[in-house]
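1 is the number of the first residue of the sequence shown in UniProt numbering; add one for each residue after it. Just so it is clear, CB atoms sit at the ideal spot from N, CA and C, and this is done for glycine as well. The next block holds one structure in the form of structure tokens; read it before the comments.
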Amino acid sequence: MESDEQSSSQIAQKADRNAVFYPTSFSNQNFLTTKEEESDDFFEQTPQDLKYRQRDLIRQAAIETNRPFLPRSYLENKNRERKVESYKHTVVRLSFNNTFIVQALFYSSEPVSHLFEFVTALLGSDQQQQDYGFSLYLFRDLLTENSEKSLLEAGIAPMSKITVRLYNECCLEELLKSVAGKAKETDLSQADSMTRDWLSVNTDYIPFEHTLISTEGSNGSVAAAKRIASMISGKRDQSSTTDKQEDAPYSPVDYSKYSTPKSEYPKWMKGKK
């Protein structure tokens, strides 16, 4: 309940965007030059962009192969709660025509619509917004402006590179002038420093793992191993005792104690004796 209240309070407010922009290539002085046609590399993400997503997928795969039978909804809710606690802040980098990048800061609980509002504000006046038009892509997935999902639920948190595809790319220089009036020009190293500072409040996300034997910490693992070893040892002791009894030398059974006294034989058997 407490985490839900915190999320609601963050949704009601917006983080200070502290927006900055920088060219994608510092070796190219005229970085406003547009490309005639975008290749598939236009949508490719860097290893740094894939870092968090890859780590989550690896952990999720390990859990899927070793989890007990629990409702999927229960596990999803548990993992969502942990992500909310771990990923409070988000950094978004918007790539415009693969020539310059705008970096902005968000709360992870903000809706995706706030991201569209930010990009719209960068485009300048209402007329310029109509002239440009844009779509946002996370990897190859098209983001929806009216989505009710938060940045966390949309898979954008804690850090993502969003591709901005402009419908009219002929006015990129005018767009940059508009961006320069709303964001501070910087370089990649300074942008990285700002990213580290903003994400410093986040913690490592550890997926919820429900196991029959506690594996929290080395002590728990050692104790579990000892219990299993003790159970196996006890079974071996029992089996060894049984083996010893079976291997004992054969001794004939004295049936005399089970014989019936002659006086108790039936009368019809006395003649035969």
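Checking 8 Å against the spacing of the C-beta atoms, do residue i and residue j come in under that value?
i	j	result
V112	K88	no
F118	R17	yes
residue 281	Y22	Since the first residue shown for the chain is 1 and the last is 273, residue 281 is missing from the structure and cannot be characterised.
S95	V20	no
R59	P207	yes
K51	Y205	no
S108	T120	no
Y132	N168	yes
Determine the burial state of residue i: buried for a count of at least 16 other Cβ atoms within 10 Å of its Cβ, exposed for fewer.
i	result
L123	buried
A225	Because the pLDDT of A225 is 49, which lies under 50, any placement of that residue in the model is unreliable, and the number read from its coordinates should be weighed accordingly. When all chains shown are included, A225 counts as exposed.
I162	buried
L188	exposed
R72	exposed
L175	buried
Q13	exposed
L70	exposed
P47	exposed
Would residue i count as contacting chain D if we go by Cβ distances under 8 Å?
i	result
L122	Absent from the structure is chain D; it holds one protein chain and no more.
Could you check where the alpha helix (DSSP H) with residue i kicks off and where it finishes?
i	result
V179	172–180
Q190	188–199
R17	Note, R17: premise wrong, no alpha helix (DSSP H); not H, not E.
V143	For the sequence presented, residue 143 should be read as Leu rather than Val. It is not in any alpha helix (DSSP H) - L143 carries neither H nor E in the DSSP assignment.
Y74	72–86
S113	112–122
Measure how close the beta-carbons of residue i and residue j come, nearest whole angstrom, since I'm counting them as under 8 Å.
i	j	result
F116	E145	5 Å
F106	A15	5 Å
E110	L151	6 Å
S135	V92	So it is not a contact: roughly 15 Å between Cβ atoms.
For the beta strand (DSSP E) holding residue i, just list the boundary residues, first then last.
i	result
S160	159–166
A104	100–107
Y137	134–138
L152	Neither: L152 is in no beta strand (DSSP E) and is coded neither H nor E.
S25	First-last for S25: undefined, no H or E at that position.
Checklist entry - Using 8 Å as the threshold, is the stretch 95–107 in touch with the stretch 68–81, meaning 3 or more CB pairs across them? => result no
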